[in-house]
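Visitor: FYI, the numbering for the sequence shown is -24 to -1, 1 to 344, going by mature numbering (1 follows the signal peptide of the UniProt record, and there is no 0). All residues carry an ideal CB built from backbone N, CA and C; glycine is no exception.
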Amino acid sequence: MTVQCSIFQIFIGFLVMSTTQISGVEMTLPKVHPTKCVNPGIPKSGFRVGEVFSYGATVEYFCNPGFRISAGNRLRRCQKNEKWTGSLPICEGKTKISAYTCGTLGDTNSENSTRIRRIVGGKVSSHGSWPWVVAISYNNKRRGSYLFNGALIKPGWVLTVANVLPGASKLQVVLGEFNIEQMDGTETSMRVKRVVKHPLYDGTRSGFAHNIALLELETPVKLNDHIRMVCVPKRKRDKILESPLQYGTVAGWGSTKPISIGERTGPLSAKLRQVTVPIIPDKECKQATIYSYRKEDTLCAGFKRKPKDPCFGDIGSPLVMQNPRSGRWTVIGLFGWSEGCGQPRKYAYYTRVSKYRKWINSVVKGRQ
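1. Taking only runs of the beta strand (DSSP E) that begin and end inside the stretch 278 to 330, which ones reach a length of at least 3 residues, in chain order?
2. Could you say if the stretch 15 to 26 and the stretch 34 to 44 meet the contact criterion of at least three C-beta pairs nearer than 8 Å?
3. Quick one: what's E36 bridged to in DSSP?
4. Tell me the residue span of the beta strand (DSSP E) that contains residue 345.
5. With distance defined between alpha-carbon atoms, name the residue in P19, E163, I203 and Y31 nearest to K12.
6. Once the 5 residues before and after E87 are set aside, which same chain residues still bring their CB inside 7 Å of it?
7. Q250 lies in the alpha helix (DSSP H); which residues open and close that run?
8. Quick one: residues in its chain with C-beta nearer than 6 Å to the C-beta of L128, no 5 flanking neighbours on either side, listed in chain order?
9. With DSSP as the reference, label W335 as helix, strand or coil.
10. In angstroms with no decimal places, state the Cα-to-Cα distance between residue 382 and N57.
11. Which of helix, strand or coil does DSSP assign to L176?
12. What's the gap between the Cα of S145 and the Cα of V28?
13. Go ahead and pull the three-state DSSP assignment for L141.
14. Can you find at least 3 beta carbon pairs, one from the stretch 297 to 304 and one from the stretch 313 to 331, that sit closer than 8 Å?
15. CA-CA distance, L310 and K215?
16. Nearest by alpha-carbon distance to Q148: which of C276, R167, L141 and P65 is it?
17. To which residues of the same chain is L244 closer than 7 Å at the C-beta, ignoring the five residues directly before and after it?
18. By Cβ distance below 7 Å, which residues in the same chain neighbour V137 in space, the five residues on each side in sequence not counted?
19. Going by Cα to Cα distance, which pick from R333, V172, C54 and F184 is closest to S314?
20. Since residue 348 sits in a beta bridge, which residues does DSSP pair it with?
21. Thinking C-alpha only, which one of P175, K210, M159 and L295 is nearest N125?
22. Is it right to say I266 is buried, meaning 16 or more other beta carbons lie within 10 angstroms of its own, or is it exposed?
23. Between V339 and the rest of its own chain, which residues show a CB-CB distance below 7 Å, the 5 nearest in sequence each way excluded?
24. Whose CA, out of K341, W335, V14 and G342, lies closest to the CA of P175?
25. Per DSSP, C276 forms a beta bridge with which residues?
26. Where does K247 land, buried or exposed, given buried means 16+ other C-beta within 10 angstroms?
27. Alpha carbon to alpha carbon, how far is K259 from R249?
28. What three-state label does DSSP hand K217 in the structure shown?
29. Is V171 helix, strand or coil when you go by DSSP?
30. On the CB-based measure, 16 or more other CB atoms within 10 Å of its CB, does N337 come out buried or exposed?
Take a look at the structure:
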């Protein structure tokens, strides 16, 4: 018997066969079964490149500085049977990394999760997971006076934005901070000796041009597991990190709920929170704001519809990425401003740090 089907169907994905009956005749028809593998995981003391888990997708694993893959597979592929090829690598310690090596850190898992999910829409970080994030306050009053953030780039220097800075005598930085409402035993408080704003920063709202500054500490801080330096980008080697759709992580103690445009602030987080966001193409960054956007010294990041953003209280927070070859973390942006936070089709805007690499080096080396 011949059976004619009047509907032409196209199936995309992995097809499995199912049995049905048409007009008393048993037939075997394809059924759509889109293939998606489970999250393949991240090795301890390592990281993964690749966030697509559909059929045919591949992920690549790397170990942090001082570690090497001793077992498992560097490359894995999602198969039709919804399983990954190979096995999760094991990163084994090879050499001891000095605290003076920039861009090295501990466990970035949250207190109750084993993967980076979605600060607004973020999660609580592990204590010590972002050891270069610095809390900055006024008038030597650590409790109740937390204002904004920065990044430690040298034992005696903190990188931050210029648009929130008073004079040096009014500032204090807290390194090794985790919970701003209690003592964790890892904090070191230091006075600021000198504030150096970029010479072309004029304090206007017009795109926050050249919105970057350096704080010289009264004395260099002693580095340890909870106080470390982040790497400053090298223009050619780290330029790829700024490419659209690359993912970076920003951490801070800012508001934990979405803030509409015009609202002043929201509840701050007591504990350091983190959120991972994609870099947005310059054209879209420009279209999404009513303010001037200068791609030469600014970049933006975030999601169109997901409420995952830095917010009030996160000003100056470093946006960092891990170099897939060296495994070291590099600061590519400093959170400067946004129109509200956690709002649809609105992004967070960052100072593009690579633009100021030469200026940073000049100040740190005492030439300015």
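Guide: In short, the structure shows the following:
1. 294 to 298, 305 to 314 and 324 to 328
2. yes
3. V25 and L51
4. For the chain, the structure presents residues -24 to 344; residue 345 sits outside this window and is missing.
5. Y31
6. Any answer about E87 is weak, because its pLDDT of 35 lies below 50 and its placement is not dependable; what the coordinates show is given next. These residues qualify, in order along the chain: V100 and S102.
7. Not the alpha helix (DSSP H): Q250 falls in the beta strand (DSSP E), residues R249 to P254.
8. W108, V110, V134 and M205
9. helix
10. No information on residue 382 is available, as it lies outside the stretch -24 to 344 that the chain covers here.
11. coil
12. 49 Å
13. coil
14. no
15. 16 Å
16. R167
17. W229, G230, S231 and G289
18. N187, I188, A189, I291, G292, L310, G312 and T327
19. F184
20. The first residue shown for the chain is -24 and the last is 344, placing residue 348 beyond what the model contains.
21. L295
22. exposed
23. V172 and L190
24. W335
25. Y325
26. buried
27. 29 Å
28. According to the sequence provided, residue 217 is Leu. The question's Lys does not apply to it. Of the three classes helix, strand and coil, the one that applies to L217 here is helix, per DSSP.
29. strand
30. exposed
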